[in-house]
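In my numbering, the protein residues as written are 2 to 252.
Taking it in order: structure first as structure tokens, then the write-up.
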Ligand code: SAH
């Protein structure tokens, strides 16, 4: 993707509550599955946080200190505004950096969190690189697009393999985690309302205004067409894929 395209993608998504499928109950459920004590002073990294829907849920549910990371400062500013309004700024700090060059120390975190973002560097690479920042017996909680049936129509498979070649079944994602030395792995499937009500419906409403703002921009049109195609695929084939949420302990 060109820089110009990235910039417009950020403009399209920055006023939305979230930049990927998810919901507060799912974040809370995944946290609970870690078994970590919410009343302890946990240190959490939220990687690819976007405007921080899940960062806020984690901060409200726990006593933790959270470092929220994203490549785009415009998303982080939105999170900072929300944190300030909710009096959470003392427990949420933000950092602009890329998820493949995180400036953290070994064993720094009790928990590494990432919703709908690890695909940017690939599941295997992300897990391999982030593992060293997690304390022994600490946790990784990550959502990743996954096949939820054993077989699927060719049109869908071709579409997603071209978009993200690491898309795979949930058992195969779990194998990757095991290979990287994680144990006590739990996984569940994001419900459809996380995609439709919380992500696709709001962004579809924004398309006309966005096209109006960037009238004459071929890139803006290209972005909207690209996103419309993704939504069309989901509407047609939502029985076959979703995000899997994977929760795993570092041995
Ligand atoms: N977790 C948020 C955002 C998911 S969208 C939510 O669920 O709503 C994916 C996020 O990853 C975007 O905010 C995007 O800006 C960020 N991102 C993309 N490439 C990145 C990179 N290399 N390093 C850090 N963040 C990145």
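All C-beta atoms, glycine included, are put in the ideal place defined by N, C-alpha and C.
Buried or exposed for residue i, please, with buried defined as at least 16 other CB atoms from any protein chain shown within 10 angstroms of its CB.
i	result
residue 209	exposed
residue 74	exposed
residue 167	buried
residue 83	buried
residue 216	exposed
residue 180	exposed
residue 243	buried
residue 71	buried
residue 252	exposed
residue 223	exposed
residue 31	buried
residue 3	exposed
residue 199	buried
Report the CB separation of residue i from residue j in whole angstroms; it is logged as a contact under 8 Å.
i	j	result
residue 241	residue 150	5 Å
residue 147	residue 174	6 Å
residue 187	residue 34	5 Å
residue 59	residue 28	7 Å
residue 128	residue 68	Not really, about 18 Å apart at Cβ, beyond 8 Å.
residue 92	residue 112	That pair is no contact at about 14 Å.
residue 76	residue 11	7 Å
residue 124	residue 46	The Cβ separation is near 17 Å, so there is no contact.
residue 220	residue 5	6 Å
Taking 8 Å as the cut-off, is the beta-carbon of residue i closer than that to any non-hydrogen atom of the ligand SAH?
i	result
residue 99	yes
residue 78	no
residue 193	no
residue 51	yes
residue 57	no
residue 225	no
residue 22	yes
residue 118	yes
residue 68	no
residue 108	no
residue 19	yes
residue 71	yes
residue 11	yes
residue 47	yes
For residue i, which of the options has the nearest alpha-carbon?
i	options	result
residue 99	79, 130, 88	130
residue 141	183, 55, 226, 223	183
residue 155	94, 238, 77	238
residue 48	110, 199, 40	110
residue 25	116, 217, 220, 218	116
residue 120	21, 190, 62, 37	21
residue 88	229, 30, 61, 176	61
residue 79	17, 6, 92	17
residue 54	40, 102, 114, 7	114
residue 160	233, 124, 214	233
residue 158	213, 133, 64, 235	235
residue 228	248, 247, 203, 249	203
residue 14	201, 248, 194, 249	201
Does the CB of residue i have a neighbour CB from chain B at under 9 Å?
i	result
residue 233	Protein chains in the displayed structure number just one, and chain B is not present.
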